[in-house]
Amino acid sequence: MAGSWFETVAEAERRARRRLPPSVYSALVAGSEKGLTVADNVAAFGELGFAPHVAGLAEKRDQAVTVMGQPISLPVLLSPTGVQAVHPDAEVAVARAAAARGTAVGLSSFASKPIEEVVAANPQTFFQVYWSGTREHMAARLERARRAGAVGLIATLDWSFANGRDWGSPRIPERLDLATMLRFAPEVLRRPRWLASFVRARRLPELTVPNMALPGEPAPSFFGAYREWMQTPPPTWDDVAWLAGQWGGPFMVKGVVRVDDATRAADAGASAISVSNHGGNNLDGTPAAIRALPAVADAVGDRVEVLLDGGVRRGSDVVKALALGARAVMIGRAYLWGLAANGQAGVENVLDLLRGGIDSALLALGRASVSELCPDDVVVPPGFARALGLP
Ligand SMILES: Cc1cc2nc3c(=O)[nH]c(=O)nc-3n(C[C@H](O)[C@H](O)[C@H](O)COP(=O)(O)O)c2cc1C
Numbered sequence: 010m011a012g013s014w015f016e017t018v019a020e021a022e023r024r025a026r027r028r029l030p031p032s033v034y035s036a037l038v039a040g041s042e043k044g045l046t047v048a049d050n051v052a053a054f055g056e057l058g059f060a061p062h063v064a065g066l067a068e069k070r071d072q073a074v075t076v077m078g079q080p081i082s083l084p085v086l087l088s089p090t091g092v093q094a095v096h097p098d099a100e101v102a103v104a105r106a107a108a109a110r111g112t113a114v115g116l117s118s119f120a121s122k123p124i125e126e127v128v129a130a131n132p133q134t135f136f137q138v139y140w141s142g143t144r145e146h147m148a149a150r151l152e153r154a155r156r157a158g159a160v161g162l163i164a165t166l167d168w169s170f171a172n173g174r175d176w177g178s179p180r181i182p183e184r185l186d187l188a189t190m191l192r193f194a195p196e197v198l199r200r201p202r203w204l205a206s207f208v209r210a211r212r213l214p215e216l217t218v219p220n221m222a223l224p225g226e227p228a229p230s231f232f233g234a235y236r237e238w239m240q241t242p243p244p245t246w247d248d249v250a251w252l253a254g255q256w257g258g259p260f261m262v263k264g265v266v267r268v269d270d271a272t273r274a275a276d277a278g279a280s281a282i283s284v285s286n287h288g289g290n291n292l293d294g295t296p297a298a299i300r301a302l303p304a305v306a307d308a309v310g311d312r313v314e315v316l317l318d319g320g321v322r323r324g325s326d327v328v329k330a331l332a333l334g335a336r337a338v339m340i341g342r343a344y345l346w347g348l349a350a351n352g353q354a355g356v357e358n359v360l361d362l363l364r365g366g367i368d369s370a371l372l373a374l375g376r377a378s379v380s381e382l383c384p385d386d387v388v389v390p391p392g393f394a395r396a397l398g399l400p
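All you need for my numbering is the position in the sequence shown, starting with 1, plus 9.
Following this line, the structure appears as structure tokens:
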């Protein structure tokens, strides 16, 4: 659409805010409690500086990396998010955008689209699970993901069912019956473009989570699946090792901030970890992921692929994370805002902005490849890092 290109992720966020009904926008803002962690994720990147060169710079710069066996064209993957209702094509549009830009996508088990459709849109799909239900339930979901062609598994382990946000939580309906539609009508009618996108697609926002369905059963509602997860005893490290063995392929543990946990994840069979605090949506007061990264990368970087997610909003953030030890980063809100602002093209727009920003930082730093980035490229203020859980 002409005129729909945006020049920064901040602008995508502004457009998402204008376009989405307030309840849907506030589901993307997410965060928890006082919002300390969600704010620190972004602020911490701003505390890091660069040490650029002026001549002898690289004429050509390479961003390609391999993550969990998947060659990708830039060191940015799309992190799994339960998108729901942002856009009629939801995770399928996100997967198409990632494929168009040569990168991989994580599909949340709380996503609104079936994994088969998402893998068809992007064969570089990692399926993400929470520890929910019995081992038999977990095995059945893994088997479905494997049959669908998922090329890796992400186990997200950082969730403590925190609830309550000082700025208020979104109202997410259990189902879309007439009473619900009437209740949401006033805010939806004030967002005609969002409404029109669903009318054009002849669809209602999906409130079921098809990838949580058990064989032969219908897709549960979001809250039905959430209740099952809440009632499941949290996993032990043996359960994590079981999951890795059951999957038997590339396996990421997402949500690690401590060195001791990173070591245990590697011992349990993880091939990758993402240093992450769930985008600040989990235990508020957890430090920014980028502060926890250097110690974790030092400790296990030679055993597992270390990624980072949380607070990435520009290409220079990606470069800072790579300089401090990450192999690649994953993004969440940035692409959700792009999706809300302009569908698949909006997600591509976000990836293009990040690619451009990475290239510009590589040029200034005199690096010909993202693999050359090192701590010497960044200015780290005293007291910046948090080495958590050192032995
Ligand atoms: C609205 C929303 C929904 C999310 N849903 C999931 C999810 O279903 N599974 C998961 O592993 N992480 C989920 N996350 C966390 C993201 O994968 C990622 O860790 C986080 O968004 C990174 O921070 P950023 O948004 O600052 O980039 C969600 C995040 C947001 C904002």
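Here a beta-carbon is modelled for each residue, glycine too, at the ideal position from N, C-alpha and C.
Query	Result
Is the segment 92-105 in contact with the segment 74-83, if contact means three or more CB pairs nearer than 8 Å?	no
Which whole-angstrom value describes the C-beta separation of Val47 and Leu87, a residue pair presumed to lie in contact below a C-beta threshold of 8 Å?	About 19 Å separates the two Cβ atoms, so there is no contact after all.
Given a cut-off of 9 Å, decide if Ala271 and Val315 are closer than it, judged by their beta-carbon atoms.	yes
If I measure Cβ to Cβ from Leu397 and keep anything under 8 Å in the same chain, skipping five residues before and after, which residues do I get?	Val266, Arg267, Val268, Pro296, Ala301 and Ala304
If you compare alpha carbons, which of Val388, Ser285 and Arg70 is closest to Val379?	Arg70
According to the neighbour-count rule (16 or more other Cβ atoms, all chains shown, within 10 Å of its Cβ), is Arg156 buried or exposed?	exposed
Does DSSP put Asp71 in a helix, a strand or coil?	strand
So, using beta-carbon positions, are Val128 and Gly161 closer together than 9 Å?	no
Identify every residue that forms a DSSP beta bridge with Thr134.	Val114
Taking the CB atoms as reference points, tell me whether Leu345 and Thr90 lie closer together than 9 Å.	yes
Have a look at Ala377 and Ala164 and give me their C-alpha separation to the nearest angstrom.	33 Å
Just how far apart, CA to CA, sit Trp168 and Pro224?	26 Å
So Ile299 is in the alpha helix (DSSP H); what residue range does that whole segment cover?	Ala298 to Val309
Measure the C-alpha to C-alpha separation of Arg312 and Gly334 and round it to an integer number of angstroms.	13 Å
Identify the continuous alpha helix (DSSP H) that holds Glu100 and give its terminal residues.	Ala99 to Ala109
Tell me the residue span of the alpha helix (DSSP H) that contains Glu56.	Leu45 to Glu56
Using DSSP's beta-bridge definition, name the partner residues of Leu204.	Leu204 is not bridged to any residue.
Would you mind giving the Cβ-Cβ distance between Ser35 and Pro179, rounded to the nearest angstrom? I have them listed as a contact below 8 Å.	4 Å
Looking at ligand 1, does it come within less than 8 Å of Ile163, judged from the CB to the closest heavy atom?	yes
Counting C-beta neighbours from all protein chains within 10 Å, is the total for Met261 16 or more, i.e. buried, or is it exposed?	buried
Under 9 Å between C-beta atoms, does Gly288 make it to chain C?	No chain C is part of this structure, which consists of one protein chain only.
Mind checking Leu198: buried by the 16 CB within 10 Å criterion, or exposed?	exposed
Look up Leu317 in the DSSP assignment and give the residues it is bridged to.	Val284 and Val338
Taking 8 Å as the cut-off, is the beta-carbon of Ser117 closer than that to any non-hydrogen atom of ligand 1?	yes
To the nearest angstrom, how far is it from the Cα of Asn290 to the Cα of Phe232?	17 Å
So which of Ser41, Arg28, Ala39 and Gly58 has the shortest CA-CA distance to Phe393?	Gly58
Check whether the Cβ atoms of Gly347 and Gly320 lie closer than 9 Å to each other.	no
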